[in-house]
Every structure is written in C-alpha cells, then in structure tokens.
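*Asks:* What follows is a structure written as structure tokens; I'll ask about it next.
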Amino acid sequence: MLRRPAQDPWSWNYDIIASQRDGRFYLRIAELNLIVEDADLLGAHVRLERAKRELFERSATLDVAVPPPRDIALRQDLRRATLPFLIKTAAVTLMAAILIAASAVSVHYALEGSLRSAAQRTGRAAIEQVIRGLEDVGRRDLTPERAERLRASLRGAVPVLKPFIDELRPLFAADAVDAGSGASR
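What follows is the structure, encoded as structure tokens:
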C-alpha cells in the first residue's frame, strides 16, 4: 500500500504521453494507468482530465493513496534511501569529532607532563653529577699534577661563571648580614 504523501494530489503535474494512430489521438498517464482516446487532441485532453478527477474521487472515497508523479516518487525514494546513510554519517562524524577532541586533550597533557618531568629529571641529574664530581675530588688524594689541572680548569671557568657569581653575590651578602645579626628566616 502506498503512503499518503503530504501534498494534495490535485496540485500534482503528471507527464502525459500523446500518440496519434489512424487519425485518433491517444493520451495516457503511466503512473495512474489512465488511457483515453479521441478524434480531437483537445477532446482527448478533456477526457483524460475527467478520468483523472474520477480516479482521485474514487481513491478519496475508498481512502486509498494515489501514486505520485514520477519526479515526486523519485524524490521520496531518494529521501527514503539516503536518510539512513545520512544518519549513519552524522553518527560516525560525531564519534570521530569526540575521539579527535579526546585524543587532542590526551596528547596535550601527555606532552606537557612528559616535557616538564624530563626537564626536572635532567636538571636533577646535572646537579647530582656536579655534586658527585666535587665529592670525588674531595675524597681522592690530590696529587700536585691533578691539583694543577683543577686550578687551570677553574681559571678557565671563572671568566664564564663570573657574571653569574656577580649576580648571586648580593644574595649571599644578605644571608651573611642576616646570619651575623641573628635574624631568623
């Protein structure tokens, strides 16, 4: 059974196929299975419109849907066929957007956390290595040759470290004054 379309069938425009044989005109509407004949083309058209009106009235009385014209039927079929595809596409797109957003947030936090912890680990390792190196120097017996090499390397490092030491000196001086006055922090 056909579903009743929302539009009024009286406003639909059906394609009329016309042919002429032996001096007579034949008109038909394929979707409605209507065929009429007449000696005059205008008379055949009037008879076809009358047959169409009678079919619509009988269909309304029996509460039976009239088949729509081919272009409307094609649109309805196309809508009926593509609607599930469009719904599935929208669902997949929504899921993909959610996954992309979740992965972007995860990657952001993973990179931020990893870089921060890697920098902290690198800084700690460098400080621990310097401390171990100083402890090793203090524990070992310094031979005169080693002491001379240590002095030479410290002399080479002083010009590079002097700007940093100059910036830090006021902080140490403030600590010395606080320690001398007995102020507590």
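Quick note on numbering: this note's numbering labels position 56 of the sequence shown as 66, and the sequence is numbered without any gaps.
All C-beta atoms in this analysis are idealised placements derived from N, C-alpha and C, irrespective of residue type, glycine included.
Please read these numbers as outputs of a predicted model, since none were measured by experiment.
1) With a threshold of 8 Å on Cβ separation, who are the neighbours of leucine 44 within its own chain once the five nearest residues in sequence on each side are excluded?
2) Run through the DSSP bridge pairs and tell me what glutamine 30 is partnered with.
3) Return helix, strand or coil for valine 102, following the three-state DSSP convention.
4) Tell whether a beta-carbon distance below 8 Å holds between aspartate 25 and phenylalanine 35.
5) From what residue to what residue does the alpha helix (DSSP H) around valine 46 run?
6) How big is the Cα-Cα spacing for valine 74 and leucine 104?
7) Applying the 10 Å Cβ sphere with the 16-neighbour rule, what's the burial state of arginine 31?
8) Considering only C-alpha positions, which residue in the set Pro180, Ala28, Thr71 and Leu93 is nearest to leucine 52?
9) What would DSSP say about proline 94, mapped onto helix, strand or coil?
10) Determine the direct distance from the alpha carbon of aspartate 81 to that of valine 46, and round the result to whole angstroms.
11) Taking the C-alpha atoms as reference points, what is the distance between proline 94 and leucine 84?
12) Proline 180 to glutamate 155, Cα distance in whole Å?
*Replies:* The short version:
1) Translated into positions along the sequence shown, residue 44 becomes position 34. Excluding positions up to five away in sequence, the list reads Arg38, Leu58, Ala61, Lys62 and Leu65.
2) Translated into positions along the sequence shown, residue 30 becomes position 20. Glutamine 30 is bridged to Phe35.
3) Position 92 of the sequence shown holds residue 102. DSSP, read as helix, strand or coil, puts valine 102 in helix.
4) Along the sequence shown, read from residue 1 onward, the residue named residue 25 stands at position 15. Along the sequence shown, read from residue 1 onward, the residue named residue 35 stands at position 25. Not in contact: aspartate 25 and phenylalanine 35 (Cβ atoms no closer than 8 Å).
5) Counting from one through the sequence shown, the residue named residue 46 turns up at place 36. Premise fails: valine 46 lies in the beta strand (DSSP E), 44-48, not in any alpha helix (DSSP H).
6) Position 64 of the sequence shown, counting from 1, holds the residue named residue 74. Position 94 of the sequence shown, counting from 1, holds the residue named residue 104. Going by the C-alpha atoms only, they are around 41 Å apart.
7) Within the sequence shown, residue 31 is the residue found at index 21, counting from 1. The residue is exposed, with fewer than 16 neighbouring Cβ atoms inside 10 Å.
8) For the purposes of this step, residue 52 is identified with residue 42 of the sequence shown, where counting begins at 1. Measuring from the Cα of leucine 52, the nearest candidate turns out to be Ala28.
9) In the sequence shown, the residue the question calls residue 94 occupies position 84. Helix, per DSSP.
10) Within the sequence shown, numbered from 1, the residue matching residue 46 stands at position 36. Within the sequence shown, numbered from 1, the residue matching residue 81 stands at position 71. Roughly 23 Å between the two C-alpha positions.
11) Taking the sequence shown and counting its residues from 1, one reaches residue 94 at position 84. Taking the sequence shown and counting its residues from 1, one reaches residue 84 at position 74. So the two alpha carbons sit approximately 17 Å from each other.
12) By 1-based counting over the sequence shown, the position of residue 180 is 170. By 1-based counting over the sequence shown, the position of residue 155 is 145. The alpha-carbon atoms of proline 180 and glutamate 155 are separated by roughly 35 Å.
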